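Chemist: Residue numbers for the sequence shown follow the working numbering, beginning at 4 and rising by one.
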Amino acid sequence: MLPQRQLLRFAAPLRPRKLLVPITPSACRYSIAGLPATPAPESKTFSTPLAKQLTEAIKTTGPIPLAAYMRQCLTSSSGGYYTTHADPFGRRGDFITSPEISQLFGEMLGVWLVTEWMAQGRPKSGVDLIELGPGRGTLMDDVLRTISSFRALTTAIESIHLVEASPTLRQTQASLLCGPSTELSELPSGVFTAVSKHANIPVHWHSSLSTVPAGPSRTPFILAHEFFDALPIHAFESTAQGWRELLVSPAPPTAKPLVIGGAAPEFALTRATQPTPHALLLPELSQRYRALKKSAGSIIEVSPESLTVVEDIAKRIGAGSSGAALIVDYGPLDTVPVNSLRGIRAHRIVSPFERPGEVDVSADVDFHALAERALVASERVEVHGPVEQGAFLLTMGMRERMEQLGKKMNDEEKKRMDTGFNRLVERGPGTMGKIYKVLAIVPERGGKRPVGFGGMAA
Ligand code: SAH
């Protein structure tokens, strides 16, 4: 039986606020506290090849937008974090994510997809399962295992599409989803394929959502867990002369490490003296930013790439008025993110401006901006949430599922599952259940709420 609870729509009010800005890293990718930081490399002129490349580029072009810096740090073919790190996850990696903490997480997302598929009249064909940034593939594996008990849904799935920037993670995902020695075939379009061990469904790997087939005959069910936080942001500060972009320049030689054990940052943010093209355009996109413009010193972060992706998602769901998207990530409920760029290395917060390419950099997701853009992109979708992860997972029946699984477990296994459960749902300040939020985009249906978006805990 799927959990069916009475639901109330959670509607976060559109409430732009001026945020006071302490220049410190805020809460971030969940780290395993207490692990020692990796010692800084022997002092060299540049900490990484990417640091040298960025410094040379800045010498030629002048300070660069934060988004350009982030893009290089994350996915540059010459030393970007995701393009070069074989496995950033888990105890030996840099950070840990919810699907890696407990199978219950993926199971609840799987249950949500099943309830949506049912609510949409159980389409019998044309269903695509799409995941953005699948990491090790654990979430998709847990989702597929969960929905495998619903044969009619499994047979309706025509393809699994994974959008992944990292060739190494693509191979890791293939090993998990298709079998250990799976060899991928590359199509002329640059898309890779293999066959899933789950019901022989074909799996396709794309480097961007744009190559995933779309159209009115498709029913796309889309998951994005900790994907949007990895998309580049621009930062702007309001001044008496209007918005000014915060740009990345080489740090002064006196720059100190942000944390003990960290390296001295090689780059720093400086405020542009003139309006940049992005400063003229991006802060005009939303009334929320315009309201902040009046208070000098307000800082806003805008991720145009995130807006492009969510626009694509909304159009896909709107095209056939079918499918759904679930976006899970960290970010404020309704305010504009500010000073949220952070670096993570070996489970510690470090400066995002040290050891570029070796440090994971990410930023808070502006859920409200995503919701606004989705609604503008397609009149045929509606958006629910964001709701806090803890509330969402409990409403989906995670406690009941844990109790059911616990019946077949020994005490040690039960304890491990219980620890994972608590980490995912705890809602005290700074806990995962509270920091992480869930947003749903579904076909327009007169505001009828999806399961999990009642803002009510079980
Ligand atoms: N969802 C997974 C992994 C989160 S880490 C989990 O929760 O465990 C971010 C993931 O997004 C990684 O798989 C990374 O390689 C991928 N990624 C980051 N930036 C990307 C981009 N621009 N395009 C495609 N994939 C990207």
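Yeah, the Cβ is synthetic: ideal placement off N, Cα and C, and Gly gets one too.
Model, not experiment: these values are computed from the prediction.
What residue range does the alpha helix (DSSP H) around D337 cover?
Modeler: Stepping through the sequence shown from its first residue, residue 337 is reached at position 334. First-last for D337: undefined, no H or E at that position.
Chemist: In chain order, what residues of the same chain have a beta carbon less than 7 Å from the beta carbon of A317, not counting five sequence neighbours either side?
Modeler: As a position in the sequence shown, residue 317 is number 314, starting the count at 1. Closer than 7 Å at Cβ, skipping near neighbours: A377, A380, S381, V384 and I444.
Chemist: Would you call the region 207-225 and the region 316-336 in contact, with 3 or more CB pairs under 8 Å?
Modeler: Yes, they touch.
Chemist: Go to F2, then tell me how far its beta strand (DSSP E) extends in each direction, as first and last residue.
Modeler: Examination of residue 2 is not possible in this model, given that the chain is present from 4 through 461 alone.
Chemist: Taking 6 Å as the cut-off, is the CB of F230 close to at least one heavy atom of ligand 1?
Modeler: Looking up residue 230 in the sequence shown gives position 227. Checking every heavy atom of ligand 1 against the Cβ of F230, one is found closer than 6 Å.
Chemist: First and last residue of the beta strand (DSSP E) that includes T175?
Modeler: Along the sequence shown, read from residue 1 onward, the residue named residue 175 stands at position 172. Element bounds for T175: not the beta strand (DSSP E) but the alpha helix (DSSP H), P170 to C181.
Chemist: With a cut-off of 8 Å on the beta carbons, I'd call V262 and I303 a contact; round off their distance for me.
Modeler: As a position in the sequence shown, residue 262 is number 259, starting the count at 1. As a position in the sequence shown, residue 303 is number 300, starting the count at 1. Actually they are not in contact, since the Cβ atoms of V262 and I303 sit about 26 Å apart, beyond 8 Å.
Chemist: Looking at the secondary structure, which residues open and close the alpha helix (DSSP H) in which R154 lies?
Modeler: Within the sequence shown, the letter at position 151 stands for residue 154. Residues R154 to A159.
Chemist: Here's a check: name, in chain order, each residue in its chain whose Cβ is nearer than 7 Å to the Cβ of S80, leaving out the five neighbours to either side.
Modeler: Within the sequence shown, the letter at position 77 stands for residue 80. Taken in chain order, the residues that qualify are T86.
Chemist: Can you have a look at E45 and say buried or exposed, based on whether 16 or more other CB atoms are within 10 angstroms of its CB?
Modeler: Along the sequence shown, one-based indexing puts residue 45 at 42. Here E45 scores only 44 on pLDDT, less than 50, and its place in the model should not be relied on; the value that follows carries that caveat. Exposed: under 16 other Cβ atoms inside 10 Å.
Chemist: Decide if R139 is buried, meaning its Cβ has at least 16 other Cβ atoms within 10 Å, or exposed.
Modeler: Position 136 of the sequence shown, counting from 1, holds the residue named residue 139. Buried, by the Cβ-count rule.
Chemist: Under the rule that 16 or more other beta-carbon atoms within 10 Å means buried, what is K440, buried or exposed?
Modeler: Within the sequence shown, residue 440 is the residue found at index 437, counting from 1. Under this definition K440 is a buried residue.
Chemist: Please list the segments of the beta strand (DSSP E) lying wholly inside the region 264-302, counting only runs of 3 or more residues, in order along the chain.
Modeler: With a minimum length of 3 residues, the continuous beta strand (DSSP E) runs that stay inside the region 264-302 are 270-274.
Chemist: State the DSSP-derived secondary structure class of I444, mapped to helix, strand or coil.
Modeler: As a first step, residue 444 must be located in the sequence shown, where it is residue number 441. I444: strand per DSSP, three-state reduction.
Chemist: G136: beta carbon under 6 Å from a heavy atom of ligand 1?
Modeler: Taking the first residue of the sequence shown as position 1, residue 136 is located at position 133. Checking the Cβ of G136 against ligand 1 gives yes.
Chemist: Grouping DSSP H, G and I as helix and E and B as strand, with all else coil, what is G326?
Modeler: If you number the sequence shown from 1, residue 326 lands on position 323. Coil at G326, not helix or strand.
Chemist: Could you check what DSSP says for H209 in three-state terms: helix, strand or coil?
Modeler: Here residue 209 refers to the residue found at position 206 of the sequence shown. In the structure shown, H209 sits in a strand (DSSP, three-state: E or B).
Chemist: Excluding the 5 residues preceding and the 5 following S199 in the sequence, name in chain order all residues of the same chain whose CB lies nearer than 8 Å to its CB.
Modeler: The count along the sequence shown starts at 1 and reaches residue 199 at position 196. If we look at S199 and ignore the five residues flanking it on each side, its Cβ neighbours are L147, I163, L180, C181, P205 and V206.
Chemist: Tell me the rounded alpha-carbon separation between P25 and E406.
Modeler: Within the sequence shown, the letter at position 22 stands for residue 25. Within the sequence shown, the letter at position 403 stands for residue 406. Any answer about P25 is weak, because its pLDDT of 28 lies below 50 and its placement is not dependable; what the coordinates show is given next. Cα to Cα, the separation comes out at about 43 Å.
Chemist: So for T41, helix, strand or coil by DSSP?
Modeler: Residue numbering aside, residue 41 sits at position 38 when the sequence shown is read from its first letter. Low confidence applies to T41: its pLDDT is 38, below 50, so where it sits in the model is not reliable, and the reading given next is rough at best. Three-state result, T41: coil.
Chemist: I want to check one thing, is the minimum distance from the CB of P219 to the heavy atoms of ligand 1 below 6 Å?
Modeler: Position 216 of the sequence shown, counting from 1, holds the residue named residue 219. For ligand 1, not one heavy atom lies less than 6 Å from the Cβ of P219.
Chemist: Within 6 Å: the Cβ of L466 and any heavy atom of ligand 1?
Modeler: The structure shown has nothing for residue 466, since the chain only spans 4 to 461.
Chemist: With distances taken from CA atoms, which of H209, V364 and F424 is nearest L135?
Modeler: In the sequence shown, counting from the first residue as 1, residue 135 sits at position 132. It is H209 whose Cα lies nearest to the Cα of L135.
Chemist: Mapping the DSSP letters down to three states, classify I352 as helix, strand or coil.
Modeler: The count along the sequence shown starts at 1 and reaches residue 352 at position 349. Correct three-state label for I352: strand.
Chemist: Excluding sequence positions up to five away, which residues of its chain have a Cβ less than 6 Å from the Cβ of L142?
Modeler: Residue mapping note: residue 142 aligns to position 139 of the sequence shown, counting from 1. P102, G109 and H228, listed in sequence order.
Chemist: Between the beta-carbon of D315 and the beta-carbon of R221, is there less than 7 Å?
Modeler: On the sequence shown, position 312 is the one that residue 315 refers to. On the sequence shown, position 218 is the one that residue 221 refers to. No, they are not a contact pair.
Chemist: Would you please state the rounded distance, in angstroms, between the beta carbons of S104 and L427? I believe it to be under 8 Å.
Modeler: Position 101 of the sequence shown, counting from 1, holds the residue named residue 104. Position 424 of the sequence shown, counting from 1, holds the residue named residue 427. Sequence inspection shows Ile at residue 104; the Ser mentioned does not correspond to that position. About 6 Å; that satisfies the 8 Å criterion.
Chemist: Mind checking which residues open and close the beta strand (DSSP E) that includes P389?
Modeler: Taking the first residue of the sequence shown as position 1, residue 389 is located at position 386. Looking at the DSSP string, the run of the beta strand (DSSP E) that includes P389 is V384 to E391.
Chemist: Looking at the strands, I want to know which residues DSSP matches up with T196.
Modeler: The count along the sequence shown starts at 1 and reaches residue 196 at position 193. Looking at the DSSP assignment, T196 forms a beta bridge with S188 and H207.
Chemist: Please indicate yes or no: does the CB of E167 lie closer than 6 Å to some heavy atom of ligand 1?
Modeler: Counting from 1 along the sequence shown, the entry for residue 167 is found at position 164. Because some heavy atom of ligand 1 lies under 6 Å away, the Cβ of E167 counts as near it: yes.
Chemist: Would you mind stating whether D332 and D232 have Cβ atoms separated by less than 7 Å?
Modeler: If you number the sequence shown from 1, residue 332 lands on position 329. If you number the sequence shown from 1, residue 232 lands on position 229. Going by C-beta atoms, D332 is nearer than 7 Å to D232.
Chemist: Could you spell out the range, first to last residue, of the beta strand (DSSP E) harbouring R95?
Modeler: Indexing the sequence shown from 1 puts residue 95 at position 92. Note, R95: premise wrong, no beta strand (DSSP E); not H, not E.
Chemist: Considering only C-alpha positions, which residue in the set R404, F356, G400 and L442 is nearest to Q75?
Modeler: Stepping through the sequence shown from its first residue, residue 75 is reached at position 72. Nearest option by C-alpha distance: F356.
Chemist: Where does D144 sit, in a helix, a strand or coil, going by DSSP?
Modeler: To locate residue 144, count along the sequence shown from 1; it is residue 141. D144: helix per DSSP, three-state reduction.
Chemist: Skipping 5 residues on each side, what residues in its chain have a beta carbon closer than 8 Å to that of K296?
Modeler: Here residue 296 is taken as the residue at index 293 of the sequence shown, counted from 1. S241, G245, W246 and P286.
Chemist: State the DSSP-derived secondary structure class of L107, mapped to helix, strand or coil.
Modeler: Taking the sequence shown and counting its residues from 1, the one referred to as residue 107 is at position 104. L107: helix per DSSP, three-state reduction.
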